[in-house]
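Structure, as structure tokens:
Numbering (mature numbering (1 follows the signal peptide of the UniProt record, and there is no 0)), first residue to last: -25 to -1, 1 to 147.
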């Protein structure tokens, strides 16, 4: 499993592993699903937790800048373990913990630099961002399923009359 696929699964839950293969990252808005700290979700969380308005844009920008550091941090921590949990499927729980700890580490450093220091609140805020991502992912999958279903159903315009003398399967 690639680190990106693992990270996606860790953020969105186990259902990400079983999502339809036909759903591509571009169909589920790459910006929201491939970023660990999507701007829209971060903005909603900062508002919900009443982070001062003057700090919000700076926090969002800092998290955007730090987004790429998450994978490096996960890989670095995992490489120090034997066996490496990213390479051993039996160690999935350890890998999820490393990923979650790394997300928290990056998130909390940014938030603390902007005056938000309560650890319980930081955990709750990160959980809120991850919940929004999971809900967005689930909603996107449902929309993709509905779209695929609509495409499979014949439209009323495409129904054609059977030529005379040929019976339809309903007539048999």
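Glycine residues also receive a C-beta, built at the ideal position from the N, C-alpha and C atoms.
Please report the distance separating the alpha-carbon of residue 13 from that of residue 39.
Position 38 of the chain shown, counted from the first residue, corresponds to residue 13. Position 64 of the chain shown, counted from the first residue, corresponds to residue 39. The alpha-carbon atoms of residue 13 and residue 39 are separated by roughly 8 angstroms.
Is DSSP giving residue 30 helix, strand or coil here?
In the chain shown, the residue the question calls residue 30 occupies position 55. In the structure shown, residue 30 sits in a helix (DSSP, three-state: H, G or I).
If we ignore side chains and look at the alpha-carbon of each, how far apart do residue 101 and residue 125 end up?
Along the chain shown, one-based indexing puts residue 101 at 126. Along the chain shown, one-based indexing puts residue 125 at 150. Each residue's alpha carbon lies about 36 angstroms from the other.
Residue range of the alpha helix (DSSP H) that includes residue 83
Residue mapping note: residue 83 aligns to position 108 of the chain shown, counting from 1. Taken as a continuous stretch (DSSP letters only), the alpha helix (DSSP H) holding residue 83 covers 67 to 88.
Since residue 73 and residue 60 are thought to touch, with beta carbons under 8 angstroms apart, how far apart are those beta carbons, to the nearest angstrom?
Numbered from 1 along the chain shown, position 98 holds the residue referred to as residue 73. Numbered from 1 along the chain shown, position 85 holds the residue referred to as residue 60. About 6 angstroms; that satisfies the 8 angstroms criterion.
Contact defined as beta carbons within less than 8 angstroms: I believe residue 30 pairs with residue 90. What is the distance between those atoms, to the nearest angstrom?
Within the chain shown, numbered from 1, the residue matching residue 30 stands at position 55. Within the chain shown, numbered from 1, the residue matching residue 90 stands at position 115. About 7 angstroms; that satisfies the 8 angstroms criterion.
Of all the options 76, 103, 109, 110, which has the alpha carbon lying nearest to the alpha carbon of residue 18?
Position 43 of the chain shown, counted from the start, is the residue given in the question as residue 18. Minimum Cα distance to residue 18 is reached at 103.
Using a 10 Å radius around the Cβ and a threshold of 16 neighbouring Cβ atoms, would you call residue 43 buried or exposed?
Translated into positions along the chain shown, residue 43 becomes position 68. Looking at its Cβ environment, which holds fewer than 16 other Cβ atoms inside 10 Å, residue 43 is exposed.
Per-residue burial, residue -4 [other beta carbons within 10 Å of its own, 16 or more giving buried]:
Along the chain shown, one-based indexing puts residue -4 at 22. With a pLDDT of only 41 at residue -4, under the threshold of 50, the placement of this residue in the model should not be trusted, and no figure is reported.
Need the endpoints of the alpha helix (DSSP H) that residue 118 sits in, please.
Locating residue 118 in the chain shown gives position 143, where the first residue counts as 1. First-last of the alpha helix (DSSP H) with residue 118: 94 to 127.
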